[in-house]
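Undergrad: First the structure, which I've put down as structure tokens, then a few questions once you've had a look.
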Amino acid sequence: MFARDVAIIYKEHHLDFEAKYFVLFYLISQRNGIGIMEIADELSLTHPGIIHLAKELEKKGYIESVKSPIDSRKRLLSLSKKGKAALPEFKKVWDKIHKLNNQLMQKQQNNLLKAIAEMETLLEEKSYYKRFKNM
Numbered sequence: 000m001f002a003r004d005v006a007i008i009y010k011e012h013h014l015d016f017e018a019k020y021f022v023l024f025y026l027i028s029q030r031n032g033i034g035i036m037e038i039a040d041e042l043s044l045t046h047p048g049i050i051h052l053a054k055e056l057e058k059k060g061y062i063e064s065v066k067s068p069i070d071s072r073k074r075l076l077s078l079s080k081k082g083k084a085a086l087p088e089f090k091k092v093w094d095k096i097h098k099l100n101n102q103l104m105q106k107q108q109n110n111l112l113k114a115i116a117e118m119e120t121l122l123e124e125k126s127y128y129k130r131f132k133n134m
């Protein structure tokens, strides 16, 4: 429901964008050229997953991929002209989404973000896979 409604919000703001692109687009918007491996490590996502999302964002015209000036084998992702032009509108939408999320979190009996953080801590201590193997 969340992803569906957020897609409607983006469409109403004339942004051809889906919720699944947010983390990658936001990270790229905060950096001036960032490599795929660096993104994958920072977001704890797979290299192929980042490439897939990046290709979709590039096809939509929001980002571009250029060769690294230091290592020609490495590709760096950055915002395109269209991405830079759309960024102020994205920020307006994100600010409102952030406020709405905070409002929703305050109305919850159980803190979802705290529960997720607790689960991540447990899995950092011992991975899900290792726990499964020990059962």
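Residue numbers (numbering that gives the first Met the number 0): 0 to 134. We treat Cβ as the ideally placed atom computed from N, Cα and C, and that holds for glycine.
1) Report yes if the CB atom of Ser79 is closer than 7 Å to the CB atom of Ile62, and no otherwise.
2) Name the one or two DSSP bridge partners that Glu88 has.
3) So, at 7 Å on beta carbons, what are the nonlocal neighbours of Phe138 in its own chain, with the 5 sequence-adjacent residues on each side left out?
4) Starting from Leu14, trace the alpha helix (DSSP H) both ways and give me its first and last residue.
5) Based on the DSSP secondary-structure assignment, which residues constitute the bridge partners of Pro75?
6) Can you look up Asp4 in the DSSP assignment and give me helix, strand or coil?
7) Would you call the region 18-33 and the region 43-57 touching, i.e. three or more CB-CB distances under 8 Å?
8) How far does the alpha helix (DSSP H) with Gly48 in it reach, from first residue to last?
9) Candidates Leu99, Gly82 and Ser71: which alpha carbon is nearest Leu26's?
10) Span of the alpha helix (DSSP H) holding Asn133?
11) At the level of alpha carbons, what is the spacing between Trp93 and Ala85?
12) Identify which residue in Val65, Arg3, Gln29 and Met134 has its Cα closest to the Cα of Phe89.
TA: On the basis of the supplied data:
1) yes
2) The partner list for Glu88 (beta bridge, DSSP) is empty, contrary to what the question assumes.
3) The chain is shown only over 0 to 134; residue 138 falls outside these bounds and no answer can be derived.
4) Where Leu14 is concerned, there is no enclosing alpha helix (DSSP H), given that its DSSP letter is neither H nor E.
5) Checking the displayed sequence, the identity of residue 75 turns out to be Leu instead of Pro. Gly34 and Val65.
6) helix
7) yes
8) His46 to Lys59
9) Gly82
10) Tyr127 to Asn133
11) 12 Å
12) Gln29
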